[in-house]
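Trainee: Quick note on UniProt numbering: the sequence shown kicks off at 1 and runs consecutively.
Backbone N, C-alpha and C define an ideal beta-carbon position, used for all residues, glycine too.
Below is the structure I would like to discuss, written out as structure tokens.
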Amino acid sequence: MFQITLERLQTTACEPYDYLIVGAGFAGSVIAERLAAGAGKRVLLIDRRDHVGGNAYDHLDAAGVMVHRYGPHIFHTNAQRIVDYLSRFTQWRVYEHRVLAQVDGHLLPIPINLDTLNGLFGLSMNEAEAETFLAQRAEPVSMIRTSEDVVINQIGRELYEKFFQGYTRKQWGLDPSQLDKSVTARVPTRTNRDDRYFTDSLQMMPLHGYTALFERMLDQPGIEVLLGVDFTTVRERSRFRHVIFCGPIDEYFGFCLGRLPYRSLRFAHETLPQSQFQPVAVVNYPDPTVPYTRITEYKHLTGQVHPMTSISYEFPCAEGDPYYPIPRKANAELYQRYKALADATPGVTFLGRLGTYKYYNMDQVVGQALALYQRIEQATLAEEQVSVAAGK
Ligand SMILES: Cc1cc2nc3c(=O)[nH]c(=O)nc-3n(C[C@H](O)[C@H](O)[C@H](O)COP(=O)(O)OP(=O)(O)OC[C@H]3O[C@@H](n4cnc5c(N)ncnc54)[C@H](O)[C@@H]3O)c2cc1C
């Protein structure tokens, strides 16, 4: 990976870059790689953080344990082509994510399954009995609008309160009754013993971590990486033909229409003098009296063997880095107004989770970046054909 400094950027008098790409997460790094390696473009990729990888960044902590600085990132997808693309830059370790929830003094599988129900209620139901059990508790809601409606309609109020209400209130700072139905619509309830958190056909972790994957991806002739600087600084000190902006779209426009609301997170990282802390990578704490939402133990994700272990507590908060776009109707409407502004602004394309104000998993962001590359390739081809036809 070829890194440059701001000083070098300022002193090098050269041709403009073809692209200035803002944000070295999955969105920015994938499009940078494609434009450089696929189309021979000259790209400057910047990030205000002092590392590449965006929120997927991982590193060895002071004790030498591999941790994810911005919370646990598990790769899962149904798209083989996304895995094929990323496999150019990494080998993989097989990993299926399992999560437990601490409820009423029990550690129980989440999403709720047969073992969750039997463990919580001290029963020994089979699958058919569990289906009847849930059907008896479900409280049909005629018009499902909110996250609360989704869950109560499926499993009833008691399980909703134990597993969802407290967690969602902490996570979003809002009651599920105030949140769009999409927030909990993704959470399945099972009556079998499947305890996988995700059901995607492809689930894995990069063998040497995400940062190593990014470093290989960006190690291409044509890509220069500049870290620890903001777009506003670079935009004044370099020349470029086009910007691909993977930061917050409202920030790009100086928040002229108001701020798009985000939920943020604070992580408290700790290293412990023991080889294991908890039985799985993530334990959720729906209890409203516990201030954090979950604890992650990274060695389960990475497979690292080490005499110590590192964990992180996750505290959702209102202020801080923008992590989760808040899914409410008014916010979606405000985003549409920014999008209209973006569509009317030549020379810049918005990409990624912050650029399009939508919660995407990593595989979806990779897909979004590959799709953008395809559009750029087709547009370039069309321009070339016009030039040839015009005899230029
Ligand atoms: C806690 C948490 C856990 C997650 N877990 C998973 C998971 O298990 N599996 C999964 O598939 N997905 C997960 N995700 C989602 C995943 O993080 C995103 O899909 C992915 O990070 C999106 O990539 P991106 O490039 O769009 O954004 P980011 O990774 O956020 O990268 C954007 C980059 O732009 C930089 N930037 C922004 N503005 C500027 C500016 N003005 N100037 C310079 N730089 C700027 C930022 O510093 C940042 O590094 C999780 C997200 C969070 C928050």
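(1) Taking all protein chains shown into account, decide if CYS317 is buried (16 or more other Cβ within 10 angstroms of its Cβ) or exposed.
(2) Can you grab the Cα-Cα spacing for the pair LEU108 / GLY119, in whole Å?
(3) Taking C-alpha atoms, which residue in SER147, ILE144, GLN171 and PRO140 lies nearest to GLY156?
(4) If you drop the 5 nearest sequence neighbours on each side, which residues of the same chain put their C-beta closer than 8 angstroms to that of ASN284?
(5) Less than 6 angstroms between C-beta atoms, sequence neighbours within five positions excluded: which residues of the same chain meet that for residue 394?
(6) If you compare alpha carbons, which of ARG190, PRO346 and ASN361 is closest to LEU117?
(7) For GLY25, verify whether its CB is less than 8 angstroms away from any heavy atom of ligand 1.
(8) Alpha carbons only, please: which of LEU134, HIS300 and LYS162 is nearest the one belonging to MET205?
(9) If we ignore side chains and look at the alpha-carbon of each, how far apart do VAL183 and GLN385 end up?
(10) Return helix, strand or coil for THR276, following the three-state DSSP convention.
(11) Have a look at ASN78, ASP175 and TYR85 and flag the residue whose alpha-carbon is nearest the alpha-carbon of ALA214.
(12) Tell me, which residues are paired with CYS317 by DSSP?
(13) If we count Cβ pairs, one from each stretch, closer than 8 angstroms, do we get three or more for the segment 259-273 versus the segment 299-314?
(14) VAL94: which of HIS306, GLN154, PRO261 and ASP200 sits nearest, CA to CA?
(15) Locate the beta strand (DSSP E) running through ASP47, then write down its first and last residues.
(16) I'd like to check one pair, LEU35 with VAL43: are the Cβ atoms closer than 9 angstroms?
(17) Measuring only from the beta carbon, is residue 426 closer than 8 angstroms to any heavy atom that is part of ligand 1?
(18) Does ALA39 come out as helix, strand or coil in the three-state DSSP assignment?
(19) My output table needs one value for ILE295: the three-state DSSP class, helix, strand or coil.
(20) Examine ligand 1 and report whether any of its heavy atoms sits within less than 8 angstroms of the Cβ of ILE74.
(21) Going by C-alpha to C-alpha distance, which of GLN165, GLU224, PHE164 and GLU7 sits closest to VAL52?
(22) For the putative contact between LEU354 and PRO322, defined by C-beta atoms under 8 angstroms, what is the C-beta separation to the nearest angstrom?
(23) Leaving out five residues on either side along the sequence, give the residues of the same chain with a beta carbon under 8 angstroms from the beta carbon of GLY367.
(24) What is the rounded straight-line gap between the Cα of ALA379 and the Cα of VAL388?
(25) Specify, as a first and last residue, the run of the alpha helix (DSSP H) that THR77 falls within.
(26) Looking only at DSSP bridge pairs, what is TYR360 linked to?
(27) Out of GLU7, LEU6 and ASP18, which has the shortest C-alpha to C-alpha gap to GLY222?
(28) Return the first residue and the last residue of the beta strand (DSSP E) that ASP58 is part of.
(29) Beta-carbon within less than 7 angstroms of ARG193's beta-carbon, same chain only, minus the 5 sequence neighbours each way: which residues are those?
Mentor: To lay it out plainly:
(1) Only exposed fits CYS317, as fewer than 16 other CB atoms lie within 10 angstroms of its CB.
(2) Approximately 7 angstroms between the Cα atoms of the pair.
(3) Residue PRO140 is the option with its Cα nearest to GLY156.
(4) Cβ neighbours of ASN284 beyond the five flanking positions: VAL99, LEU100, ALA101, GLN102, ILE110, TYR167, THR293 and ARG294.
(5) The structure shown does not extend to residue 394, since the chain is modelled only from 1 through 392, so no value can be given for it.
(6) Of the listed residues, the one whose Cα sits closest to LEU117 is ARG190.
(7) At least one heavy atom of ligand 1 is nearer than 8 angstroms to the Cβ of GLY25, so yes.
(8) Of the candidates LEU134, HIS300 and LYS162, the one whose C-alpha sits nearest the C-alpha of MET205 is HIS300.
(9) For VAL183 and GLN385, the gap between their C-alpha atoms comes out near 46 angstroms.
(10) A small correction: the amino acid at residue 276 is Gln; Thr does not occupy that position in the sequence shown. In this structure, DSSP gives GLN276 a state outside helix and strand, which the three-state scheme calls coil.
(11) Residue identity differs from the one stated: residue 214 is Phe in this sequence, not Ala. Nearest of ASN78, ASP175 and TYR85 to PHE214, Cα basis: TYR85.
(12) CYS317 is bridged to SER264.
(13) Touching, per the Cβ criterion.
(14) Per the Cα distances, ASP200.
(15) For ASP47, the uninterrupted beta strand (DSSP E) segment begins and ends at 43-47.
(16) In contact: VAL43 and LEU35 (Cβ atoms closer than 9 angstroms).
(17) The structure shown does not extend to residue 426, since the chain is modelled only from 1 through 392, so no value can be given for it.
(18) The answer is helix: DSSP assigns ALA39 an H, G or I state.
(19) Note: ILE295 maps to strand in three-state DSSP.
(20) True, at least one ligand heavy atom lies under 8 angstroms from that Cβ.
(21) If you compare the alpha carbons of GLN165, GLU224, PHE164 and GLU7 with that of VAL52, the shortest gap goes to GLU224.
(22) Contact flag correct, Cβ pair sits at about 6 angstroms.
(23) Answer for GLY367: ALA79 and ILE82, listed in chain order.
(24) The straight-line gap from Cα to Cα measures roughly 14 angstroms.
(25) Taken as a continuous stretch (DSSP letters only), THR77 belongs to no alpha helix (DSSP H), being part of the beta strand (DSSP E) at 75-77.
(26) Within the DSSP bridge table, the entry for TYR360 names no partner.
(27) Ranked by how close their Cα comes to the Cα of GLY222, the residues GLU7, LEU6 and ASP18 have ASP18 in first place.
(28) First-last of the beta strand (DSSP E) with ASP58: 58-60.
(29) So the list reads ASN113, LEU114 and ASP115, once near-sequence residues are dropped.
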